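Undergrad: This structure is in structure tokens; I'll ask about it shortly.
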Amino acid sequence: MTQSSLSLRTSVLPNCSTQFVKWCAEEFQWKDLSEDVIMDIGCGVEMNCCKAILTQFPDVRTLIAVNKESTVFEQAHFTDRRINSCVGNILERDSLKIYEGKMNKIISADTFHQIYDKEIAFRNVYRLLKPGGEVGFFFVVNSWVHKFLTALSELPKYADILEGTRIQGNLPQKYVDPIVMASEWKLASGAPRVRTSLVVGILLVL
Numbered sequence: 001m002t003q004s005s006l007s008l009r010t011s012v013l014p015n016c017s018t019q020f021v022k023w024c025a026e027e028f029q030w031k032d033l034s035e036d037v038i039m040d041i042g043c044g045v046e047m048n049c050c051k052a053i054l055t056q057f058p059d060v061r062t063l064i065a066v067n068k069e070s071t072v073f074e075q076a077h078f079t080d081r082r083i084n085s086c087v088g089n090i091l092e093r094d095s096l097k098i099y100e101g102k103m104n105k106i107i108s109a110d111t112f113h114q115i116y117d118k119e120i121a122f123r124n125v126y127r128l129l130k131p132g133g134e135v136g137f138f139f140v141v142n143s144w145v146h147k148f149l150t151a152l153s154e155l156p157k158y159a160d161i162l163e164g165t166r167i168q169g170n171l172p173q174k175y176v177d178p179i180v181m182a183s184e185w186k187l188a189s190g191a192p193r194v195r196t197s198l199v200v201g202i203l204l205v206l
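Numbering (the UniProt record's numbering), first residue to last: 1 to 206.
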């Protein structure tokens, strides 16, 4: 049995991370991941998506946890022999070049809305995948709620309240209905087909 520095059984995972991995599993019909290498872009200090995958697919071969800040891995309280840490920036191709063409799956939650040049990011993601690889993204697009809460978090009066929260993931569940869009990428003639699942925004039900 794999040993971790933090028991997955006692970890309390955010519902959005658990649900996101379930969406990916259902959309792409994940069953046996024992031969798969999965990259989590923008893993964060809590590594919630990595934990969710390990919980739902304990036989996964390898997880590559990517974050552009090295301090994330210095502060992380969770380690597992199946997780390899990588300091890299999806906007900087060279920082992840050693992984190009080697990923079976790439996931990312609550990260891509912070990336200013998404076209470059998506192209770099494409380069990381094996032919037939799969991609799942969860991010906010043009949400006034996210903008409002982000601005609120910059005010001293509210900063302490919102500190450490994943702002876009903390709305009451009854107000959030994720919109899932499945599609296929084919960036160039003859290029390998890549299946993608994008959660492209949030729908507020008021």
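Just so it is clear, CB atoms sit at the ideal spot from N, CA and C, and this is done for glycine as well.
Computed from a predicted structure; not experimentally measured.
#1: Would you give the residue range spanned by the beta strand (DSSP E) that CYS86 belongs to?
#2: Measuring straight from C-alpha to C-alpha, what distance separates ASN104 and GLU154?
#3: Comparing alpha-carbon positions, which option in ARG93, PHE138, LYS102 lies nearest ILE120?
#4: When the Cβ atoms of the region 20 to 32 are set against those of the region 64 to 73, are three or more pairs found closer than 8 Å?
#5: Identify every run of the alpha helix (DSSP H) within the UniProt domain "Methyltransferase" (35 to 135), keeping only runs that are complete inside it and at least 4 residues long; order them along the chain.
#6: Between LEU152, MET47, GLU74, LEU54, which has its C-alpha nearest ASP32's C-alpha?
#7: Please name the residue in SER34, PHE139, GLY133, VAL37 whose C-alpha comes closest to that of HIS113.
#8: Give the C-beta separation of VAL45 and VAL72 to the nearest angstrom, bearing in mind that I take them to be a contact with Cβ-Cβ under 8 Å.
#9: So, are the CB atoms of ILE90 and ILE41 less than 8 Å apart?
#10: Below 8 Å between beta carbons: does that hold for LYS130 and LYS102?
TA: The answer reads as follows:
#1: 83 to 87
#2: 38 Å
#3: ARG93
#4: no
#5: 48 to 56, 71 to 75, 118 to 128
#6: LEU54
#7: PHE139
#8: 5 Å
#9: yes
#10: yes
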